[in-house]
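Down below is the structure, laid out as structure tokens.
There are 2 protein chains.
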Amino acid sequence: MNTLKLNGEVLLRQLRELGEIGADAQAGGRTRIALTDDEKAGRDRVVAWMRELDLEVRIDRIGNVFGTLRSGADDEAQRPLMMGSHIDTVRNAGALDGCYGVLAGLAVVRAFREAGVKPGRSIAVGAFTNEEGVRYQPDMMGSLVYAGGLGVEAALDARGIDGTRLGDELVRIGYAGEMEPGAIVPHEYFELHIEQGPILEAENVRIGVVENLQGISWQRVTVQGNANHAGTTPTHLRHDAGWVAAAVSTFLRALAVESGTTLATIGMLSIEPNVINVIPRKAVFTVDLRDPDEQRLRDAERRLAQFMGEVARKEGVKIETERLVRFEPVVFDAALAQAIEAAAERRGFSNRRMTSGAGHDAQMIARIAPAAMIFVPSRGGISHNPREHTDDDQLIDGANVLLDVVVERVGVA
Amino acid sequence: MNTLKLNGEVLLRQLRELGEIGADAQAGGRTRIALTDDEKAGRDRVVAWMRELDLEVRIDRIGNVFGTLRSGADDEAQRPLMMGSHIDTVRNAGALDGCYGVLAGLAVVRAFREAGVKPGRSIAVGAFTNEEGVRYQPDMMGSLVYAGGLGVEAALDARGIDGTRLGDELVRIGYAGEMEPGAIVPHEYFELHIEQGPILEAENVRIGVVENLQGISWQRVTVQGNANHAGTTPTHLRHDAGWVAAAVSTFLRALAVESGTTLATIGMLSIEPNVINVIPRKAVFTVDLRDPDEQRLRDAERRLAQFMGEVARKEGVKIETERLVRFEPVVFDAALAQAIEAAAERRGFSNRRMTSGAGHDAQMIARIAPAAMIFVPSRGGISHNPREHTDDDQLIDGANVLLDVVVERVGVA
């Protein structure tokens, strides 16, 4: 049985302190968008905390930061158990998304340090660059590059929405490391994260054992119809781009309800000319489709494409689609999920298997190592918002599960 | 039989010349928004043309301009046959909307002048203030005030989208007249206008005999839902304001198709926060409902309200509606419609009875005098657009029908 003790007080204090960097007194929350001055300040703080724990700090060429506590047996070739997440944020974010996973990783290391023992296998804590993708696309970039899914040169050449080059900004803030991304291949990877959804809270469950992660399909749809006078154009002569967008929206809702697993969202929509008595000539909207099963996700994409073909013919409009993002679903490692479940059980924490609806660095690292995730409840399911909240005791519960799993996997020397 | 001859050349030239005032070389079309400097220039030109025809020009307190050709018998108490429309425009408008009706009226007067005869009853040509309602609300303001539907003081106090007071602008451009609006009560009123819709062109019909004008119901609908993460929120826990807007749109289309007479349009729509992976918390859209029958229009409004109540309950959102405009349908004078039809027949012009889908000054004047309208085809049904177009021969045909009707109604002295 695990005799190490998690220092919940320090974990909560570090979450608060990191959360103060980039804080927005007016609008609430904090803004530490990747590779800005505020995010550099966040990185500096996390690196300082790693050094306080006497970890070996390494930074790779895409700016991912790793702090490693070596086992006694590590001849620098041992694959570490890795815990990690990210510390960049969206605009006016909560304090927990990402930061919780990184700082809980440090809390696990601290438990070893405070007990004066070493892990049976090296353990590392990673903070991956630009998970949020607010300034530079794609999101989850640091872990994607790390797992070999995107070349480091291409990533460094990414242009930001502010016109900057990612590589230049990385140099500017002093986080262009020398290590090749992926040089430290994890033996196993665990990511502790807030759920960012309503399920655990709604079901009053303490720990989510994340066994898979939905595939994500994003596309932008442009409907080109004809603008005409709303009072003089008979219904059968209309080419109403706005109505077509609405028809797609109601089709997607029916598809989602029928499927039971597919989620479908139209998050962005604009119409032109946007005048009260003019039939819209143009509608541009995004479709966000998700499903934990690749075949079902493809079915949803196919059915959507088919519907759009039909409705375009009927209404006499032109529909163009542009793929923005496509990630296949990820099935996490079954043994690791079982280990998380067992750890939660030993603590007497109610738990459930679940699917991650959001994307996470773990889905990238799962390409190169066994990986799994632990979720704790999010109040109201709210995230990417200053009102993001998880109770302190829930945060400590999650970190304890992480600690127990790590100790169980690596042993204490 | 009518021996007067319409001077088509002058009519077409005046349409071109008036269309050059406020022309926009870059974006195309012309912009003569009510009571701007460009619209004053347009008024000045029209008044000059009235004076060339030696008409008695009178301006009322809301800026409506009337040019009257008196009959021999007119002791200044005779009610004139009035022709009219407006010369203000929307932004980047065509040259015909409104102007055609005013200048064709002058062409009818010119036919009397060129023949050296007088009408058996006085005839007047009116140009009503602010028909378009771009700068000051409501639209069709000059004719509405003229017909007693809105007090002149209230209209003068209208605030423009640019913060100006209508009455001040009227004084500034020199068109604040002294006559009380409505002082000249028409004996009958005819308005010649481009269709602004596709029906005459689609059916290859030359003359539209407008027997009624749709009722118009405009409302602004605000849907308040909850923003949530698109990837983590199960469908049954969503309160998706964007989907509710879409459901209303598809409901309205079904209603319009089923009804056959009701037209329904969502012309304006915006959603918040308008982020690809966030379920919309808010949707604001407009609904434009039209029907030539008041009972059917009320039915449509009632069914819409009922549907919105149901969908709000189901989705757990709040829906608020705000009435923006409500005009009952107008049935034009049957005898005048018959006279127009007979005139078209005598000329051998194909014609059909029709409903006006758009609002016109004639609907206001119909409150105080028998009124009817004549339509000519609009290419592609396009109006409020630089591409608005009617062929020259079609414009002359319409003006000839107007001339014939006027001669038939008033006689030649």
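Chains as they are written, first to last, in the UniProt record's numbering: chain E, 1 to 413; chain D, 1 to 413. Beta carbons are placed, not taken as given, at the ideal position from N, Cα and C, and that holds for glycine.
Boundaries of the beta strand (DSSP E) harbouring arginine 290(D): 282-291, taken from the DSSP string. Contact between the stretch 159-172 of chain D and the stretch 301-316 of chain D is absent, with fewer than three C-beta pairs closer than 8 Å. Considering only Glu114(E), Ile33(E), Val65(E), the residue with the shortest C-alpha distance to alanine 93(E) is Ile33(E). Note on geometry: alpha-carbon atoms of threonine 164(E) and glycine 133(E) lie some 14 Å from one another. Take the alpha-carbon of threonine 390(D) and the one of serine 356(D): they are about 17 Å apart. With a beta-carbon spacing of about 5 Å, arginine 353(D) and valine 209(D) fall inside the 8 Å limit used to define contacts.
The shortest C-alpha to C-alpha distance from proline 234(D) to any of Ile271(E), Asp54(E), Glu195(E), Arg220(E) is the one to Glu195(E). With a threshold of 8 Å between beta carbons, valine 257(E) makes contact with chain D. Residues of chain D whose Cβ lies closer than 7 Å to the Cβ of glutamine 78(E) do not exist, since the nearest Cβ in that chain is about 35 Å away. Taking a C-beta distance under 8 Å as the contact criterion, alanine 111(E) and leucine 403(E) qualify as a contact pair.
When DSSP states are grouped into helix, strand and coil, aspartate 54(D) belongs to the coil group.
Nearest to proline 280(D) by C-alpha distance, out of Gly19(D), His229(D), Met140(D), is His229(D). DSSP places arginine 379(D) within a helical segment (H, G or I) once states are collapsed to three. The criterion of a C-beta distance shorter than 8 Å is satisfied by methionine 268(E) and valine 275(D).
When 8 Å is used as the limit between beta carbons, glutamate 195(D) is near these residues of chain E: Thr232, in chain order. Residue ranges of uninterrupted alpha helix (DSSP H) with 4 or more members, entirely inside the stretch 254-325 of chain E and ordered along the chain, are 294-315.
By the rule that beta-carbons nearer than 8 Å mark a contact, proline 329(E) does not touch chain D. Separation of aspartate 88(E) and alanine 246(D) (C-alpha to C-alpha, rounded to the nearest whole angstrom) is 35 Å. Bounds of the alpha helix (DSSP H) holding glycine 398(D) are 392-410. Residue contact check for valine 275(E) against chain D: a CB pair falls below 8 Å. Where tyrosine 189(D) is concerned, the enclosing beta strand (DSSP E) starts and stops at 188-194.
Proximity of chain D to tryptophan 243(E) at the Cβ level (cut-off 7 Å) is accounted for by Ser249, Arg253, in chain order.
For asparagine 228(D), the nearest beta carbon of chain E is closer than 8 Å to its own beta carbon. Leaving aside the five residues that flank valine 109(D) on each side, the residues in its chain whose CB is nearer than 6 Å to its CB run, in chain order, Leu53, Leu69. When beta bridges are read from the DSSP output, isoleucine 59(D) appears opposite Val65(D). Proximity of chain D to valine 278(E) at the Cβ level (cut-off 7 Å) is accounted for by Gly267, in chain order.
Residue contact check for leucine 297(D) against chain E: no CB pair falls below 8 Å. By the C-beta criterion, the stretch 2-19 of chain D is judged to be in contact with the stretch 392-406 of chain D, since at least 3 inter-stretch pairs fall below 8 Å. At a cut-off of 8 Å, the C-beta of arginine 290(E) has a neighbouring C-beta in chain D. For chain E, the residues of the stretch 195-215 of chain D that bring a beta carbon within less than 8 Å of one of its beta carbons are Glu195, Gln196, Gly197, Pro198, Ile199, Ala202, Gln214, in chain order. Taking the Cα of glycine 116(D) as reference, the smallest distance to any Cα among Val102(D), Ser71(D), Gly98(D) is reached at Ser71(D).
Among the CB atoms of chain D, one or more fall inside 8 Å of the CB of leucine 263(E). The CB of leucine 237(D) comes closer than 8 Å to the CB of Pro198, Ala202, Gly381 in chain E, given here in chain order.
Every unbroken stretch of the alpha helix (DSSP H) spanning 4 or more residues and falling wholly within the stretch 152-221 of chain E is given here in chain order: 152-156, 166-172, 199-203.
Against chain E, the beta carbon of alanine 366(D) has no neighbour under 9 Å; the closest one sits roughly 17 Å away. Bounds of the beta strand (DSSP E) holding valine 125(D) are 123-127.
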